[in-house]
Amino acid sequence: MSKIKSCSSFDLVNPDSHKIIEIIGKITEITEKQVLLSVGIFLNYQDNYTTSKMDIKDFYKATNPARTLKARNEEDQKCYIDFSKVRGEDIISTIKDSITEWNQDEPTCNLFTGHIGCGKSTELLRLQVELEAADFHVVYFESSEDLEITDIDIADVFLAIASRISKSLEKIVLEEPKKFQELLQGAWNILNSEVTGVKGKFAGHDIGYTVDGQKLSLSLGIGEITTKMKSDSTLRTKINQYLGPQKTELLQVINQELLEPAISKLKQQGKNGLVVIVDNLDRIDNTIKPWGRTQQEYLFVDQGEYLTKLNCHVIYTMPLALRFSNEYGILTQRFPEEPKILPMVPVKSSDGKVHEQGLALMQQMILARAFPNLAPEDRLNKITEIFDAPASLDRLCQVSGGHVRDILRLLNPWIMKDKKFPLQSHTLEQIIRERRNEMSLTISDEEWELLRRVKKTKHVSDDQGYQKLIRSRFVFEYRDQGELWFDVNPILAESEKLFE
Numbered sequence: 020m021s022k023i024k025s026c027s028s029f030d031l032v033n034p035d036s037h038k039i040i041e042i043i044g045k046i047t048e049i050t051e052k053q054v055l056l057s058v059g060i061f062l063n064y065q066d067n068y069t070t071s072k073m074d075i076k077d078f079y080k081a082t083n084p085a086r087t088l089k090a091r092n093e094e095d096q097k098c099y100i101d102f103s104k105v106r107g108e109d110i111i112s113t114i115k116d117s118i119t120e121w122n123q124d125e126p127t128c129n130l131f132t133g134h135i136g137c138g139k140s141t142e143l144l145r146l147q148v149e150l151e152a153a154d155f156h157v158v159y160f161e162s163s164e165d166l167e168i169t170d171i172d173i174a175d176v177f178l179a180i181a182s183r184i185s186k187s188l189e190k191i192v193l194e195e196p197k198k199f200q201e202l203l204q205g206a207w208n209i210l211n212s213e214v215t216g217v218k219g220k221f222a223g224h225d226i227g228y229t230v231d232g233q234k235l236s237l238s239l240g241i242g243e244i245t246t247k248m249k250s251d252s253t254l255r256t257k258i259n260q261y262l263g264p265q266k267t268e269l270l271q272v273i274n275q276e277l278l279e280p281a282i283s284k285l286k287q288q289g290k291n292g293l294v295v296i297v298d299n300l301d302r303i304d305n306t307i308k309p310w311g312r313t314q315q316e317y318l319f320v321d322q323g324e325y326l327t328k329l330n331c332h333v334i335y336t337m338p339l340a341l342r343f344s345n346e347y348g349i350l351t352q353r354f355p356e357e358p359k360i361l362p363m364v365p366v367k368s369s370d371g372k373v374h375e376q377g378l379a380l381m382q383q384m385i386l387a388r389a390f391p392n393l394a395p396e397d398r399l400n401k402i403t404e405i406f407d408a409p410a411s412l413d414r415l416c417q418v419s420g421g422h423v424r425d426i427l428r429l430l431n432p433w434i435m436k437d438k439k440f441p442l443q444s445h446t447l448e449q450i451i452r453e454r455r456n457e458m459s460l461t462i463s464d465e466e467w468e469l470l471r472r473v474k475k476t477k478h479v480s481d482d483q484g485y486q487k488l489i490r491s492r493f494v495f496e497y498r499d500q501g502e503l504w505f506d507v508n509p510i511l512a513e514s515e516k517l518f519e
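The numbering of the sequence shown is the working numbering, which starts it at 20 and goes up by one.
Here it is, written out as structure tokens:
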């Protein structure tokens with residue numbers, strides 16, 4: 020049999036495998052088959068060994084509740100779990116098909132909602148990648164970075180969208196947006212009078228600073244306004260008082276001088292259109308406006324029709340509590356389609372029985388953070404390397420209620436307390452008790468009564484009290500084979516108060 024001289028025809032995992040085989044062959048003069056067998060056994064052992072020895076600090080970082088999995092990140096995608104089969108529908112595919120298949124040349128507007136922390140941002144980032152693969156120019160941004168979520172007006176939203184779009188299109192040459200600049204000149208005048216050191220005119224004249232000797236770009240100009248508006252409540256009020264009555268004109272110039280020319284240029288470059296994804300609008304506070312309207316109802320009901328009028332594809336996240344508002348029927352009339360809802364992952368059915376498929380997927384969500392390079396079935400064999408018993412992982416998944424951020428908010432402090440593997444079940448029980456006590460402090464007697472009704476009936480109404488229960492994540496929404504039902508957050512479900 021031939022001696023080893025080269026291993027270029029073999030595809031081994033370890034990048035140094037070729038050198039290893041060649042050296043072993045020269046020293047020992049054993050056959051190619053024998054070397055490959057020996058090295059293969061060693062590499063397989065080495066891979067399994069390093070995979071199983073997860074560092075506790077690495078696991079802590081991998082389970083950070085604040086971390087959003089990004090579809091473009093190869094390592095993040097190893098941790099991504101597709102829950103669509105147990106959630107009842109692949110909502111992201113539905114939205115994508117609406118844009119790419121059915122309404123490619125017509126503007127669409129979708130509302131996307133669900134409990135805060137249920138995975139909406141992860142899914143929207145996946146949608147961004149899929150739409151870009153379908154040759155759409157996609158602008159995704161977190162509105163909380165541009166807007167003051169405790170005090171939002173329709174003009175704020177339009178300016179933030181215009182700023183993000185214009186920034187993403189700076190390499191595309193568009194005609195000077197004269198009417199847009201003229202409209203924004205009034206906002207600059209307010210900045211001039213209210214903010215020391217910010218002076219200038221918008222429409223091509225001196226405005227305080229330039230970029231490469233040229234007049235300020237549209238994105239930088241709008242960005243300056245939105246930055247000042249977010250940080251200064253007085254300034255925000257004055258600019259909204261100026262732009263609010265002119266929202267129709269503002270919308271018109273954004274469409275005519277920004278969106279329509281940009282889409283035309285994009286199509287010349289082979290793109291199919293423009294999509295804007297406005298994330299985190301579901302986080303706006305439900306504070307009361309001076310005239311008595313809640314902020315959420317004001318933006319999505321009173322101003323909802325304007326949100327639909329941008330001449331491109333738009334997706335907004337919407338507060339879930341609005342689904343239980345008396346105004347929900349009016350809201351659905353303002354938008355062309357019903358809001359798309361991302362429900363919890365069911366870990367039990369409405370009859371109280373364990374939902375085996377949902378529970379298994381939640382387990383995989385945790386195990387994938389520990390063993391991202393292993394196949395799902397192989398991860399199950401390593402549960403006791405992380406937890407003291409399989410029952411501890413089951414308990415973690417069940418008590419989370421299928422909320423993908425809450426399960427990490429339980430796991431992260433568990434890791435911090437135990438500081439080593441395997442994690443102990445008694446520590447988890449301590450964390451559950453502490454969390455239950457914290458949550459119970461904010462619940463009134465009337466709300467406990469509402470929780471008892473939910474536990475019994477699995478339904479909610481449009482009562483204001485239920486809106487708070489939903490908003491505070493005291494009650495979760497589920498969909499199972501088309502059935503819509505609600506249940507008390509499992510952490511609270513074990514409270515003695517619920518059985519009084």
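Think of the CB as a built atom: it goes at the ideal place given N, C-alpha and C, for glycine as much as any other residue.
A quick note: this is a predicted structure, and the numbers were derived from the prediction, not measured.
Query	Result
Whole-number beta carbon distance between T82 and I402, since they are thought to touch under 8 Å	About 15 Å; that fails the 8 Å criterion.
Cutoff 8 Å; reference I273; Cβ partners in own chain excluding five residues on either side	F177, I180, A181, F199, L329
Coil, strand or helix - K479 by DSSP	Inspection of the sequence shows that residue 479 is occupied by Val rather than by Lys. Reduced to three states, the DSSP call for V479 is coil.
Residue closest to T461, alpha-carbon to alpha-carbon, out of D482, Y99, S491, E453	S491
Close beta carbons around K367, own chain, < 6 Å, minus the five adjacent residues each side	V373, H374
Proximity below 8 Å, CB of Q383 to CB of P395	yes
Outcome for A281 when other beta-carbon atoms lying within 10 angstroms are tallied against a minimum of 16	buried
For I171 and H156, the rounded distance between their alpha carbons	27 Å
Beta-carbon spacing of R498, P338 below 8 Å	no
Where G59 falls: helix, strand or coil (DSSP)	Low per-residue confidence applies at G59: pLDDT is 46, beneath 50, and the placement is therefore not dependable, though the value from the model is reported in the following sentence. DSSP places G59 in helix when its eight states are reduced to three.
Neighbour-count burial assignment, V418, 16 or more Cβ in a 10 Å radius	buried
Segment contact flag, the region 144 to 154 with the region 80 to 98, C-beta cutoff 8 Å, min 3 pairs	yes
C-alpha gap between N291 and E324, whole angstroms	25 Å
Short Cβ contact (8 Å threshold) for I114 with I334	yes
Inter-residue Cα distance where the pair is L239 and R183	10 Å
Proximity of G107 and G348 at Cβ, strictly below 8 Å	no
Alpha helix (DSSP H) runs wholly inside the region 302 to 336, at least 4 long, in chain order	323 to 326
For M248, the nearest candidate out of A174, Q275, K197, N305 (CA to CA)	A174
Contacting residues, own chain, Cβ-Cβ under 8 Å from K436 (five flanking each side not counted)	T446, Q449, I450
Segment contact flag, the region 339 to 358 with the region 121 to 138, C-beta cutoff 8 Å, min 3 pairs	yes
Rounded straight-line distance, which links the Cα of Y159 to that of K104	26 Å
Candidates I209, T267, S344, D370: closest to T256 by CA position	I209
Pair within 8 Å by beta-carbon distance, G136 and D425	yes
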